[in-house]
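Residue numbers (this note's numbering): 72 to 196. Even for Gly, the Cβ is constructed at its ideal location relative to N, Cα and C. The next block holds one structure in the form of structure tokens; read it before the comments.
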């Protein structure tokens, strides 16, 4: 084997690996696009006789709104990957907390918080 053919083989092998990686990468990208998360609008109405923080999230991130009083409704948008849950939490100022997780294909979800300051409740409606 001459010194000139070895670098040529290395170049051909490297090009083949890059091409294979590109094909695999494209295959993964199309699979990821097929499972792209859909946006879900989540409305949470606070019906408990307390002030609380309300958080809504998916497996990637969550958003919270503080100082939500009785009778207020807050709207959140999340993008859970298909088959994963949307979670709603209520954290009462000076009290307890509760949460509820739901896996759904709906574009809109509605929840209510209620219960007492010590034992709040989150339920899907």
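How about the region 149-161 and the region 117-133: do they share at least three Cβ pairs that are nearer than 8 Å?
-> Under the 8 Å Cβ criterion, the region 149-161 counts as touching the region 117-133, having at least three qualifying pairs.
Strand pairing of residue 170, partner residues [DSSP] = For the purposes of this step, residue 170 is taken as the residue at position 99 of the chain shown. DSSP lists 160 as partners of residue 170.
Nearest-angstrom Cα separation, counted from residue 138 out to residue 125 | Here residue 125 refers to the residue found at position 54 of the chain shown. Here residue 138 refers to the residue found at position 67 of the chain shown. Rounded to whole angstroms, the separation of the alpha carbons of residue 138 and residue 125 is 9 Å.
Of the residues 119, 108, 112 and 111, which one's Cα is nearest the Cα of residue 168?
-> Residue mapping note: residue 168 aligns to position 97 of the chain shown, counting from 1. Shortest Cα-Cα distance from residue 168 to any of 119, 108, 112 and 111 involves 119.
Can you list, in chain order, the residues of its chain whose CB lies under 8 Å from that of residue 182, leaving out five sequence neighbours each side?
-> The count along the chain shown starts at 1 and reaches residue 182 at position 111. Answer for residue 182: 113, 114, 115, 116, 159, 171, 193, 194, 195 and 196, listed in chain order.
Contact set for residue 143: own chain, Cβ-Cβ below 6 Å, skip 5 residues either direction | By one-based count along the chain shown, residue 143 stands at place 72. Non-local C-beta neighbours of residue 143 in its own chain, meaning closer than 6 Å and more than five positions away in sequence, comprise 117, ordered along the chain.
Apart from the five residues just before and just after residue 179, which ones in its own chain have a Cβ nearer than 6 Å to its Cβ?
-> What you label residue 179 is simply residue 108 of the chain shown in a count that begins at 1. Once the five neighbours on either side are set aside, the close Cβ partners of residue 179 are 112.
Could you give the DSSP three-state label for residue 137: helix, strand or coil?
-> To locate residue 137, count along the chain shown from 1; it is residue 66. Here residue 137 sits in strand by DSSP.
Run of the beta strand (DSSP E) containing residue 118, from where it starts to where it stops | Here residue 118 refers to the residue found at position 47 of the chain shown. From DSSP, residue 118 is part of no beta strand (DSSP E); its letter is neither H nor E.
Residue 175 to residue 165, Cα distance in whole Å?
-> Taking the first residue of the chain shown as position 1, residue 175 is located at position 104. Taking the first residue of the chain shown as position 1, residue 165 is located at position 94. The alpha-carbon separation between residue 175 and residue 165 amounts to approximately 32 Å.
What distance in whole Å lies between the Cβ atoms of residue 191 and residue 163, which are believed to be in contact at a cut-off of 8 Å?
-> Here the question's residue 163 lines up with position 92 in the chain shown. Here the question's residue 191 lines up with position 120 in the chain shown. For residue 163 against residue 191, the beta-carbon gap comes to about 5 Å, under 8 Å, which counts as contact.
To which residues of the same chain is residue 136 closer than 6 Å at the C-beta, ignoring the five residues directly before and after it?
-> One-based indexing of the chain shown puts residue 136 at position 65. Answer for residue 136: 125 and 145, listed in chain order.
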